[in-house]
Structures are given as structure tokens and as C-alpha cells.
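Chains as they are written, first to last, in my numbering: chain A, 78 to 189; chain B, 19 to 131. Below is one structure, written out as C-alpha cells, with a few remarks after it.
Put into C-alpha cells, the structure is as follows:
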């Protein structure tokens with residue numbers, strides 16, 4: 078059973094702080110990694126994807142991938158109350174490139 | 019441009035009735051996915067369409083579930099003889115090709131009473 082694990086949270090950070098969200102995965106052959114943001118009652122919105130080891134930055138967001146340790150993380154700098162949402166990590170399956178396995182998500186709460 | 023659209027946004031049905039959910043992917047996207055999300059849960063893969071290839075139906079939970087994609091664009095997910103455990107949000111996503119970033123529609127919230 079291929080799995081993607083996330084701490085359910087809530088992760089509570091003050092406004093302006095760095096929020097660090099983590100995700101581990103079991104399929105060593107996975108190649109593609111995605112972070113989705115989901116506001117309550119809304120559908121997931123793609124915010125970052127990363128395919129290579131290392132860091133990828135986009136505005137206030139940085140995705141970090143470590144394939145050897147099988148973890149991927151999302152850093153949100155200068156967190157805003159509008160960042161409060163559930164963040165879903167998704168990983169493709171090595172034996173079925175189009176199938177994504179989603180974690181259950183980490184709820185982030187940014188306190189004003 | 020227009021994103022993925024789904025209809026209806028909400029559907030309430032009685033147990034035992036059939037329902038049909040519709041998805042219109044982003045124009046030009048050849049890959050289309052259906053997922054199900056139960057309250058407080060992650061996304062469960064249901065079915066995948068890619069161009070004219072045979073769909074991957076491996077995630078469909080029972081033979082009451084079926085889906086088709088006509089003309090390589092619009093897709094419908096049909097649930098026959100609905101059960102209360104079918105209550106969930108059904109999400110459709112599309113991508114340019116397999117392996118690439120998927121973009122989700124707003125979902126259909128299905129409630130079976």
C-alpha cells in the first residue's frame with residue numbers, strides 16, 4: 078500500500094512567521110511531487126510542484142525535495158491569515174505515472 | 019482562460035436513485051481524472067482518461083460507478099442505485115498530459131438521503 082503521510086495539524090503560526098509543512102511518502106520510485114492548497118468547502122488549488130531534489134522557490138513559497146529521505150516540504154514565508162487552509166501533498170506512483178496519491182492534508186492556521 | 023467546470027455544484031438524491039455528474043476540462047487538456055473526497059479525508063482516485071486510450075477504472079469502488087468521456091472532452095460520472103456511503107464531494111481534474119500538473123474543478127457535493 079503506497080502511502081503519503083502528513084501531520085493533520087492544526088499547525089498554528091503567527092502572522093509574518095515561516096510555516097513549515099512536511100510530507101513523507103513510501104514509494105521510492107516516485108518522481109513528481111505536488112502541493113495543493115484547499116480552503117474549507119473549496120476544491121484543491123495547485124500551488125507548487127517539484128520534480129528534482131533540492132529547493133524550488135515561487136514567491137513566498139518554497140518546495141523542498143529529498144528523495145533519499147523520501148520527504149517533501151513546503152515553506153511559506155511571511156505567513157498571512159489568508160494562507161490559513163489545508164495543504165495537501167500529492168505524489169505520483171512510480172508504476173503508474175498519472176496516478177497521484179494524496180495525503181490527508183495539514184491544516185494551517187495563521188494567527189493575526 | 020476558463021478552468022475546469024463541473025455540474026451540478028450540489029446534488030441531493032434519495033437512496034437507490036441514479037445520479038450523473040458532469041465535468042468539462044480545460045480546453046486542450048487531454049488527461050482527465052475523477053476523485054472522491056469524503057468529509058475530512060484525502061482524495062481518492064476513481065478513474066483516469068487519456069486521449070483515446072482505454073481508461074484506467076481501477077479506482078472505481080463498485081460496479082455501480084461508471085464514467086465515460088465523449089469526444090475527448092466532457093466526461094460524465096454515473097452512480098447507479100446510490101447508497102448513503104456514496105455521499106462525498108466528487109472532484110474532476112485535468113492536465114495537459116499524464117504526469118503533469120492537475121487542475122481541479124469546483125466539485126460536486128453529493129448527498130444521498
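Where is the CB? At the ideal position from N, CA and C, for every residue including glycine.
Between residue 113 of chain A and residue 81 of chain A, the C-beta spacing is not below 8 Å. Residue 99 of chain B has its alpha-carbon roughly 45 Å from the corresponding atom of residue 152 of chain A. For the segment 133-165 of chain A, the residues whose beta carbon sits under 9 Å from a beta carbon of chain B are, in order, 165. At a C-beta separation below 7 Å, residue 110 of chain A has no neighbours in chain B, since its nearest C-beta there lies roughly 11 Å away.
One thing to note: residue 123 of chain B has its Cβ no nearer than 8 Å to the Cβ of residue 117 of chain A. With its beta carbon less than 8 Å from one in chain B, residue 176 of chain A belongs to the interface. Of the other Cβ atoms in all chains shown, 16 or more fall within 10 Å of the Cβ of residue 22 of chain B; this residue is therefore buried. Under a criterion of Cβ atoms nearer than 7 Å, the residues of chain B adjacent to residue 120 of chain A are, in order, 109, 122, 123, 124 and 125.
Nearest neighbour of residue 40 of chain B by Cα position, chosen from B:58, B:94, B:33 and B:32, turns out to be B:94. Partner residues in the beta bridge of residue 139 of chain A, as assigned by DSSP, are A:134 and A:152.
Sequence-distant partners of residue 109 of chain A (beyond 5 residues in either direction) whose C-beta falls short of 6 Å from its own C-beta, in its chain, are 128 and 169.
Looking at the backbone, the Cα of residue 26 of chain B and that of residue 38 of chain B are separated by about 9 Å. By the neighbour-count definition (other C-beta atoms within 10 Å, threshold 16), residue 120 of chain B is a buried residue.
If you look at residue 95 of chain B, you'll find it in the beta strand (DSSP E) that goes 93-97. Any Cβ of chain A closer than 8 Å to the Cβ of residue 83 of chain B would place that residue at the interface, and such an atom is absent. For chain A, the residues of the segment 41-60 of chain B that bring a beta carbon within less than 9 Å of one of its beta carbons are 49, 51, 53, 55, 58, 59 and 60, in chain order. With fewer than 16 other Cβ atoms inside 10 Å of its own Cβ, residue 36 of chain B counts as exposed.
Taken through DSSP and simplified to helix, strand or coil, residue 159 of chain A comes out as helix.
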